[in-house]
Amino acid sequence: MAVFGSIIKSLIDLKETFTNEGEAEKNQEEVLRGLLTKAKNTSFGKYYKFEEILESENIQKEFSERVPYFDYNKIDKEWWHKYHEGEESVTWPGKPPYFAISSGTTGKSSKRIPVTDEMLESIRSAGIKQVSALSNFDLPPDFFEKEIMMLGSSTDLHKEGDHEEGEISGISASNIPFWFRGYYKPGEEISKIDEWDERVQKIAENAKDWDIGALSGIPSWMELMLKKVIEYYKVANIHEIWPNLQVYASGGVAFEPYEKSFEALWGKPVQVIDTYLASEGFLAIQNRPDTRSMKLILDNGVYFEFVPFKPDYINQDGSITADAPVISLADVEEEKDYVLLISTVSGAWRYLIGDTVKFTDKAKHEIRITGRTKFFLNVVGSQLSVNKMNDAVQELENQFDIKIPEFVVAAKRAEDGEYYHFWYLGTEDKADDEKLAEALDQALKDANKNYKVARGKALKGVKLTTIDPNLFHEWNARNKKKGGQVKMEKVMNEEKLENWQQFLKDEGALS
């Protein structure tokens, strides 16, 4: 009998029973008040007069009127770069001990996002909330004695002056509590290997020695790791190696495009739990079964605001216009897309994280990530968001009984002078490109009236090419790196499309 597991499960059940969430709006006001109070004597706090905001009758309204929106480029150019020049207390008291490196899915250079001790504590607290939420899932006591495979970036952080740098998953893993280290795989030694292929090879070699009960990581790289382990041992599925695997905590991107691919790797059902850990903070967790939505964490050092996701408010680079209206948590509406803004204990202020979300249950404060502001294809008025693209690709999977874990699309004028959407679908299954293009076009027309209108005017049609999904990973390896937090972009501009097409030609995938 799993006595230790039973004790842990009982403690988790007890903690979940007595946890009082309080009122969400009140929690958020208290978070904002705490952030402003802590940062009022920083350079940023003095410039935007945080003390005066704190004295106002409505600090949330005053805050939104006095402090402008910031994306990474704006806040780094005006404020964060000062940390690297030796300044202290720029946007948060003291100096951040870490900077999270994020190449993102667009942009030519890496971002360096401050990670403070308070943020690390916030991430740990969110992780505990996620573990506590497992009491809502039907998991046996012995699950809580199994090991957890956390597939992130290297924990071998780079020392840069007075701080260390690495991806957020590597920073988090290098700061795991001592009591958790016995459960954590692949362990300290393997986790420090910087080269992705070498790290995955070591995981495969050691996999049979571990009793993995849960996985955590970005789907695209998790899929590659599982395939490597299966291939290494020449087995049919991952449960022949890890028979007690029951949970996969997915994060970083929507899981739906990968669902069919993962089903082919399981030997028995696995509970998929969505999480929302970004370089800027741990923002939401899935805390109950029978949903793919995540509950915003509203009492943990992150203050949320929402901008309606409409073309009038989105600049071509994915930033938002200065006059875009902001909606508070109390005033959001279900099933409407919003651009997410956060202010955090790492000194991000009204920060455009780049994601769009929708509320699926306002009372429960549950959201789903619907896309990226930069992945909004509107060159000829089609107004296609990533969630509409994901839905259409899933329809293709079901209609043609194929797996399409990766795709990318761009709008470009073809040789005939007309605009087309150029789609590249990653699949290992055989399918007719012309039939796929026709079905994809119809699915998008049915799902999006703006796309249907555009197809009758400036958008001539769809040009579709199926390619090996591994090419998406190799593209990332050539342009950024493999593994960790790296995500494949879903929408390309014309310049990036030309580079992509040349890459495919070099790899022999295009004539």
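Position 364 (the sequence shown) corresponds to 732 in my numbering; numbering is contiguous.
By construction, the Cβ of each residue, glycine as well, lies at the ideal position given by its N, Cα and C atoms.
Sub-8 Å separation of residue i and residue j beta-carbons
i           : j           : result
residue 638 : residue 616 : yes
residue 739 : residue 728 : no
residue 463 : residue 526 : no
residue 815 : residue 756 : yes
residue 457 : residue 469 : no
residue 705 : residue 753 : yes
residue 721 : residue 648 : yes
residue 811 : residue 832 : no
Given residue i as reference, the closest of the options once Cα atoms are compared
i           : options               : result
residue 796 : 781, 782, 803 and 769 : 769
residue 402 : 816, 671 and 557      : 671
residue 625 : 760, 568, 840 and 423 : 760
residue 863 : 781, 449, 591 and 808 : 781
residue 764 : 791, 841, 787 and 753 : 791
residue 692 : 701, 673, 409 and 702 : 673
residue 573 : 589, 562 and 594      : 594
residue 406 : 716, 814 and 531      : 716
residue 459 : 830, 837 and 719      : 719
residue 491 : 445, 505 and 540      : 540
residue 870 : 396, 809, 839 and 439 : 839
residue 777 : 856, 825 and 842      : 856
residue 514 : 590, 611 and 684      : 611
residue 568 : 635, 629 and 589      : 589
residue 399 : 414, 410, 431 and 416 : 431
residue 710 : 664, 736, 702 and 753 : 664
residue 543 : 428, 592, 483 and 868 : 483
residue 736 : 619, 822 and 820      : 619
residue 696 : 558, 578 and 708      : 708
residue 454 : 529, 771 and 550      : 529
residue 666 : 646, 633, 712 and 687 : 712
residue 635 : 553, 822 and 606      : 606
residue 507 : 841, 866, 640 and 681 : 640
Residue i classed as buried or exposed, judged by whether at least 16 other C-beta atoms fall within 10 angstroms
i           : result
residue 714 : buried
residue 669 : buried
residue 694 : buried
residue 766 : exposed
residue 879 : exposed
residue 466 : buried
residue 876 : exposed
residue 425 : exposed
residue 356 : Since the first residue shown for the chain is 369 and the last is 879, residue 356 is missing from the structure and cannot be characterised.
residue 476 : With a pLDDT of 47 at residue 476, under the threshold of 50, the predicted position of this residue should be treated as unreliable, and no value is reported.
residue 644 : buried
residue 603 : exposed
residue 846 : exposed
residue 734 : buried
residue 601 : exposed
residue 416 : buried
residue 837 : buried
residue 372 : Note on residue 372: pLDDT 38, under 50, position unreliable in the model; the coordinate value appears next. With fewer than 16 Cβ atoms within 10 Å of its Cβ, residue 372 is classed as exposed.
Strand pairing of residue i, partner residues [DSSP]
i           : result
residue 579 : DSSP output for residue 579 lists no bridge partner at all.
residue 497 : Looking at the DSSP assignment, residue 497 forms no beta bridge with any residue, so it has no partner.
residue 482 : 467
residue 526 : 533
residue 639 : 615
residue 777 : 791 and 859
residue 833 : 792
residue 412 : None; residue 412 has no bridge partner.
residue 670 : 712
residue 757 : Answer is none; residue 757 lacks a bridge partner.
residue 552 : 516
residue 402 : Residue 402 pairs with nothing; no bridge assigned.
Query raised in the report: For the stretch 515-534 against the stretch 575-590, are there 3 or more C-beta pairs whose distance is under 8 Å?
Result: When Cβ pairs closer than 8 Å are counted between the two stretches, the stretch 515-534 is seen to touch the stretch 575-590, the count reaching three or more.
Report task. Decide yes or no for the touch test of the stretch 649-667 against the stretch 496-508: beta carbon pairs closer than 8 Å, at least 3 of them. Result -> Yes, since at least three Cβ pairs between the stretch 649-667 and the stretch 496-508 fall closer than 8 Å, the two stretches touch.
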